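A.B. asks: If you're matching positions, the sequence shown starts at 293 in the numbering used here and goes up one per residue. Each residue gets a CB set at the ideal place from its N, CA and C atoms; glycine is no exception. Owing to the predicted nature of the structure, the values given are computational and were not obtained by experimental measurement. Please find one structure pasted underneath; my questions will follow.
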Amino acid sequence: MMKKKRLSASKASLVLFLCQMISALDVPLDSKLLEELSQPPTITQQSPKDYIVDPRENIVIQCEAKGKPPPSFSWTRNGTHFDIDKDAQVTMKPNSGTLVINIMNGGKAEAYEGIYQCTARNERGAAISNNIVIRPSRSPLWTKEKLEPHQVREGDSLVLHCRPPVGLPPPIIFWMDNAFQRLPQSERVSQGLNGDLYFSNVQPEDTREDYICYARFNHTQTIQQKQPISVKVFSTKPVTEKQPILLTPTGSTSTKVELRGSVLLLECIAAGLPTPGIHWIKEGGELPANRTFFENFKKTLKIIDVSEADSGNYKCIARNILGSAYHVISVTVKAAPYWITAPRNLVLSPGEDGTLICRANGNPKPNISWLANGVPIAIAPEDPSRKVDGDTIIFSHVQERSSAVYQCNASNEYGYLLANAFVNVLAEPPRILTPANKLYQVIADSPALLDCAYFGSPKPEIEWFKGVKGSILRGNEYVFHDNGTLEIPVAQKDSTGTYTCVARNELGKIQNEVQLEVKDPTMIIKQPEYKVIQRYGQVSFECIIKHDSTLLATVTWLKDNDELPDDERFLVGKDNLTIMNVTDKDDGTYTCIVNTTLDSVSASAVLTVVAAPPTPAIIYARPNPPFDLELTGQLERSVELSWIPGDENNSPITSFVIEYEDGLHEPGVWHYQTEVPGTQTTVQLKLSPYVNYSFRVIAVNEIGRSQPSEPSEQYLTKSANPDENPSNVQGIGSEPDNLVITWEPLKGFQSNGPGLQYKVSWRQKDVDDEWTSVIVANVSKYIVSGTPTFVPYEIKVQALNDLGYAPEPSEVIGHSGEDLPMVAPGNVQVHVINSTLAKVHWDPVPLKTVRGHLQGYKVYYWKVQSLSRRSRRHVEKKILTFRGNKTFGMLPGLEPYSSYKLNVRVVNGKGEGPASPDKVFKTPEGVPSSPSFLKITNPTLDSLTLEWGSPTHPNGVLTSYVLKFQPINNTHELGPLVEIRIPANESSLILKNLNYSTRYKFYFNAQTSVGSGSQITEEAVTIMDEAGILRPAVGAGKVQPLYPRIRNVTTAAAETYANISWEYEGPDHANFYVEYGVAGSKEDWKKEIVNGSRSFFVLKGLTPGTAYKVRVGAEGLSGFRSSEDVFETGPAMASRQVDIATQGWFIGLMCAVALLILILLIVCFIRRNKGGKYPVKEKEDAHADPEIQPMKEDDGTFGEYSDAEDHKPLKKGSRTPSDRTVKKEDSDDSLVDYGEGVNGQFNEDGSFIGQYSGKKEKEPAEGNESSEAPSPVNAMNSFV
């Protein structure tokens, strides 16, 4: 059905039901036609089946229907006629069946409860509505009850019952407190579907007196409140944990029935401590995906849109750490009736047949009953054309009196369905709905559709004619549509003319004429072109058009698909667009659009605005691609290619590169063909047979290569014999009894024709034998089996195709497969050259026994044992390979004084042959390696103890050890060298009569009969005379003793760092380091380098409350370290858990401190104005020491100190007392006075801060008493 007209609003409802017709007759949606046709009533609007009304408002029961003529309405109430004229409170709306019951003027809603049904009737039948049940809503008050307080033991379960009043519809339940705040819910506390509040276990915080249940009745917009419930939880220690039990539902099983299409809600709430978790499963199946949801902390299982497949057993499992409990709910899904096929309206012509079908399903199966015009069909007036067959009514040879409205009722115990469907029998002569002489205009070569909308009953036949007296139109050049439309798929100019449509049925005939005009298409014959214009210039785009003279064409210009700017610089002419005084914002795409009433065309061009250069500049660029490629003089093996060069862009073209594509064998792949000079525009190209050539040309200048030209036309050369044979032909056996012949196949264009194959030929060399040949497909390998082992073959491979063979190929020599060599080399001799090198000789094996290509010989050799130790060890074989037919080789890297074995094997391409008998040889003694270690221990005033380990590799029999030593003075000059020989069986030596406090350097090595091995060196120092008195030198040539020592190592530790200081006596410019570690630990000492020659250092990153060991050493003086000192870091400060700012004592203290600070500020201000000294200045004066040099200003460190007796640093191992105070009597001039101690302060480089860093006030250490007046800043910092 084709929709050609919009209907008025008054006809909208009629259109809706006419769209639903199923018949042999289609009724067009023509407003005039619809007004004239008779139509049985159809219910278009009605109230819901279950209609709950507000008792305070008027009751409106809807019933709207349409029909022709307009229907009249009547009502029944509780199955009997409802006479609305006798009830002053009831009125019916004009031209409608809708009832209005006036409640607001004294009526009572309860008096109008009942079942209502509407009937709409006209002369063609009667339609009825559903049974509409009217019930007023109810929101009763809560019954008063005395609620006892709940006293519950902690950990027990609790249920607070709501029990709301029964309302219509049921209320919505929620729990709140006195402050109208919703009570928080969780896995432990939640509301059930019945409105009760469940506690899986109660906690002390559940104690309250305002648990209030509210019921909200949405229909009347009222809320009812239950009396508050009091809950008191008393604690018992300990709280007993409990395994889960189900609070709801009770028992182990239950059942539930739900209707198809509704929402299934299953609930399980459990008690227990800890709070149980809930898990749901469906026995024997899976929960439906995409329709399953969990609510109320997984206590409620929700399945939407349920169907019969959702029936089954659902198990909820409550589980905590003590156990589990479960409940099985057996769900049965029933179904109220639902449509499978609802009856559809039927429009028939007299004498036609038809059926009404009413099919529904449900659980249980619904009962189908029919009514005619609202009366059960069994007692309705008889109609001979009608026959009822269960859910189907069959109509045969209907007449106009058969028109009626039929009702199908499908019902079961869960509900019913009621549907109206009319049978409308119409007898109408043909009518043509398309206006007469309607003009159709189309563009040539496009389809033309000529309408002939019609109606008639019986359905008319349609015929088309061209011209007033033309013949009937038939043939493939026309398409006839069922709705009467004539389609001309490709209209031409000669299709113009008058077309006549004729509609006829048994009741009459009618015709209508329409006109067709075919117009010339609109074209843009001169399109706008790409333009580059300098700023402030003028540009013009052309758009010249051609169109049918009878059509009006309009030209519109757009910029970037939008309207042109409203700017007088844009001038639109008849055939062009001109832009004056061009600016940068004019850059863009300009489109010319030409519209007529029948077609539209467009064309676009880009405008690029560039800056005007100050002086004309030559732009050099790659050339434009060549164009107009042409092939001439096509021959079998050559063709001539010509082209026109593109713009060279100010750089002359130097050459042209010609490339070709083989569309037959490698489409899309371009290959280099040749290159010609830039002055040449034609070239004779050599071609290969059986190639589908396309050519393209690339121009080249000094700037670069152009884009490739468009490809030339294709040229397929004729097939021919192959010109060449495969290359890289080889014959190599992969097994002892075969020959693998391989070659590199020809490429596609080398085949010269279809059916490329290869003729493979072979024969044994030097044997009078015939060639054996085989022809194989286009492959690259052929295997010849059953050949002798490693014999030479002559091989050749020849190409052929469907047209013949290539030229005779050349022969190559190959060999069949190799096998392992058969014999071992003989007469193996070894000549030992020295303790680490030997030469081995052997006789070559006969070439026939190699059975393959001789690749060389392999010598396997290994050490059996060391002759000095007589102990065997793991055998590690070494291999040396000697290429070719060599008969000797050198064995390097041997170990002296050892026993070796070797054998020799021949090697071919297959592998190694058998080994020769093992040959034994021995290497002579060599010099030993260095002793494994040298330790110098037990230093005394005049002796040192030396201990050493024997060499790892003696390389012979040790004869002795040689020890050499000499003293070193403080300028690193060496004294006389002393040499001592020691028997080989010794491992220690005590050197006596040495100078005290003297450094010695020792050189130590081992000897064999061959000579001395490499030496090991060490340095050591004898200790200083305990009396501190210098002894005179002993003997000539002995160096003067030194006095290097580090003493008085002191430490001052805080929580995470420690200050280390020491005294040093010895050579100038010593570089110190500090080593430290955890006391009692076996871990290695950690080492920190001290910058410069200072005598203090700060260790950072220490662990609070840990004992550490520390020592100080000097770089370059081996073994020269101080004795160890032990210190302990302070304990970590505990984090405060209480906000003292809110404590009363703290507030009072802070007020007192603030007053004290104010007084101190006033005193300081007065003293400063008077020019008096600060206490710190007095203390500096009191501590003045002429021996102490001022601090160096450049690096912040101390200057040199004299050795005066007055200088008294902290005693070794000194500690601050546990109360973190420093007693003045311990050291009146110690580092503690200047900030050292637990809270002593240093810069990162170890220098002090405080009095000697330029501050005017001294910051007292925590807990230290001080007579100095602190600065206001420091006073405030002390409280932080």
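For Glu1517, which residues of its own chain have a beta-carbon under 7 Å away from its beta-carbon, when the five flanking residues on both sides are left out?
C.D. replies: Note that Glu1517 scores a pLDDT of 39, beneath 50, so its modelled location is shaky; the value from the coordinates is reported in the next line. Correct list: empty, nothing qualifies.
A.B. asks: Enumerated in chain order, which unbroken segments of the beta strand (DSSP E) with a length of 3 residues or greater are wholly contained in the stretch 347–423?
C.D. replies: As far as the stretch 347–423 is concerned, its whole beta strand (DSSP E) runs of at least 3 residues are 351–353, 355–360, 364–369, 382–384, 391–393, 406–414 and 417–420.
A.B. asks: Please confirm whether Arg1291 and Ile1338 have their CB atoms less than 7 Å apart.
C.D. replies: No.
A.B. asks: Is it buried or exposed, Asp774, if we count other Cβ atoms within 10 angstroms and call 16 or more buried?
C.D. replies: Exposed.
A.B. asks: Only counting the same chain, and skipping five residues up and downstream in sequence, which positions put a Cβ closer than 6 Å to that of Thr390?
C.D. replies: The answer, listed in chain order, is Gln354 and Cys355.
A.B. asks: Does Leu428 come out as helix, strand or coil in the three-state DSSP assignment?
C.D. replies: In the sequence under discussion, the amino acid at residue 428 is Pro, which differs from the Leu named in the question. Note: Pro428 maps to strand in three-state DSSP.
A.B. asks: Report yes if the C-beta distance between Pro456 and Gly487 is below 7 Å; otherwise report no.
C.D. replies: Contact: yes.
A.B. asks: Compare the Cα-Cα distances from Ser388 to each of Trp367, Pro1209 and Glu405 and report the closest residue.
C.D. replies: That would be Trp367, whose Cα lies nearest to the Cα of Ser388.
A.B. asks: Cα-Cα, which of Ile515, Gly447 and Tyr490 is closest to Trp434?
C.D. replies: Checked all of Ile515, Gly447 and Tyr490; the closest Cα to Trp434 is Ile515.
A.B. asks: I'd like to know if the stretch 1044–1056 and the stretch 1117–1129 are in contact, where contact means that at least 3 CB-CB pairs between them fall below 8 Å.
C.D. replies: No: the two stretches stay apart, fewer than three of their Cβ pairs being nearer than 8 Å.
A.B. asks: Once the 5 residues before and after Val525 are set aside, which same chain residues still bring their CB inside 6 Å of it?
C.D. replies: So the list reads Val444, Glu446, Val494, Pro496, Asp498 and Thr499, once near-sequence residues are dropped.
A.B. asks: Would you call the stretch 1260–1271 and the stretch 1232–1243 touching, i.e. three or more CB-CB distances under 8 Å?
C.D. replies: Contact between the stretch 1260–1271 and the stretch 1232–1243 is absent, because fewer than three Cβ pairs lie under 8 Å.
A.B. asks: Can you give the Cα-Cα distance for Ile609 and Val549, rounded to whole angstroms?
C.D. replies: For Ile609 and Val549, the distance between alpha carbons rounds to 21 Å.
A.B. asks: Straight-line CA distance for Arg636 to Thr334?
C.D. replies: If you take the alpha carbons of Arg636 and Thr334, they lie about 12 Å apart.
A.B. asks: How many angstroms separate the CA atom of Thr540 from the CA atom of Ile504?
C.D. replies: Each residue's Cα considered, the two are about 21 Å apart.
A.B. asks: With burial defined as no fewer than 16 other Cβ atoms inside 10 Å of the residue's Cβ, what is the status of Lys1178: buried or exposed?
C.D. replies: The residue is exposed, with fewer than 16 neighbouring Cβ atoms inside 10 Å.
A.B. asks: Could you have a look at Ile671 and say whether DSSP puts it in helix, strand or coil?
C.D. replies: Here Ile671 sits in coil by DSSP.
A.B. asks: Whole angstroms are fine: how far does the CA of Ser832 sit from the CA of Thr883?
C.D. replies: Their backbone Cα atoms lie some 13 Å apart in a straight line.
A.B. asks: Quick one, which of Thr1009, Gly762, Ser522 and Ile936 has its alpha-carbon nearest Arg929's?
C.D. replies: Considering only alpha carbons, the answer is Thr1009.
A.B. asks: For Val425, I'd like the list of residues in its chain whose CB is within less than 6 Å of its CB, leaving aside the five on either flank, ordered along the chain.
C.D. replies: For Val425, where only same-chain residues beyond five positions count, the Cβ hits under 6 Å are Asp342 and Ile407.
A.B. asks: Any idea what DSSP makes of Glu932, helix, strand or coil?
C.D. replies: Residue state, collapsed to three classes: strand.
A.B. asks: State the DSSP-derived secondary structure class of Gly1040, mapped to helix, strand or coil.
C.D. replies: In the structure shown, Gly1040 sits in a helix (DSSP, three-state: H, G or I).
A.B. asks: Count the C-beta pairs between the stretch 374–382 and the stretch 663–681 that are closer than 8 Å, then say yes if the count reaches three, no if not.
C.D. replies: In short, these stretches do not touch, since the Cβ pair count stays below three.
A.B. asks: Applying the 10 Å Cβ sphere with the 16-neighbour rule, what's the burial state of Ala702?
C.D. replies: The residue is buried, with at least 16 neighbouring Cβ atoms inside 10 Å.
A.B. asks: Between the alpha carbons of Leu1233 and Gln1299, how many angstroms are there, rounded?
C.D. replies: Roughly 31 Å between the two C-alpha positions.
A.B. asks: Tell me which same chain residues have a C-beta within less than 7 Å of the C-beta of Gln1006, skipping the five on either side of it?
C.D. replies: Result list for Gln1006: Gly955, Asn984, Tyr985 and Ser986, in chain order.
A.B. asks: Does the stretch 847–857 come into contact with the stretch 874–882, if we say contact requires no fewer than three beta-carbon pairs (one atom in each stretch) closer than 8 Å?
C.D. replies: As far as the Cβ criterion goes, the stretch 847–857 touches the stretch 874–882, which means the pair count is three or higher.
A.B. asks: With a CB to CB cut of under 6 Å and the five nearest residues on each side skipped, what residues in its chain are close to Gln830?
C.D. replies: Hits under 6 Å: Met872.
A.B. asks: Go ahead and pull the three-state DSSP assignment for Cys560.
C.D. replies: It is coil, neither helix nor strand.
A.B. asks: Quick check on the DSSP output: the alpha helix (DSSP H) that includes Val886 runs from which residue to which?
C.D. replies: Not the alpha helix (DSSP H): Val886 falls in the beta strand (DSSP E), residues Gly880 to Asn887.
A.B. asks: By alpha-carbon positions, which one of Leu1092, Ser998, Gly1436 and Arg1143 ends up nearest to Glu1016?
C.D. replies: Nearest option by C-alpha distance: Leu1092.
A.B. asks: Which one of Leu856, Ala719 and Thr946 has the shortest CA to CA distance from Glu272?
C.D. replies: A question about residue 272 goes unanswered here, because the residues of the chain that appear run from 293 up to 1572.
A.B. asks: Helix, strand or coil for Arg1323? Go by DSSP, reduced to three states.
C.D. replies: Residue placement at Arg1323 is poorly supported in this model, since its pLDDT is 42, which falls under 50; the coordinates still yield a value, given next. Residue state, collapsed to three classes: coil.
A.B. asks: Taking a contact to mean a Cβ-Cβ separation below 7 Å, would you say Tyr1192 touches Gly1248 in this structure?
C.D. replies: Against a cut-off of 7 Å, the Cβ pair of Gly1248 and Tyr1192 comes out as no contact.
A.B. asks: Sort Asn1363, Trp1377 and Asp1376 by Cα distance to Glu1407 and report the nearest one.
C.D. replies: Out of Asn1363, Trp1377 and Asp1376, Asn1363 has the C-alpha closest to the C-alpha of Glu1407.
A.B. asks: Report the CB separation of Ala1350 from Thr1421 in whole angstroms; it is logged as a contact under 8 Å.
C.D. replies: Right, their Cβ atoms sit about 7 Å apart.
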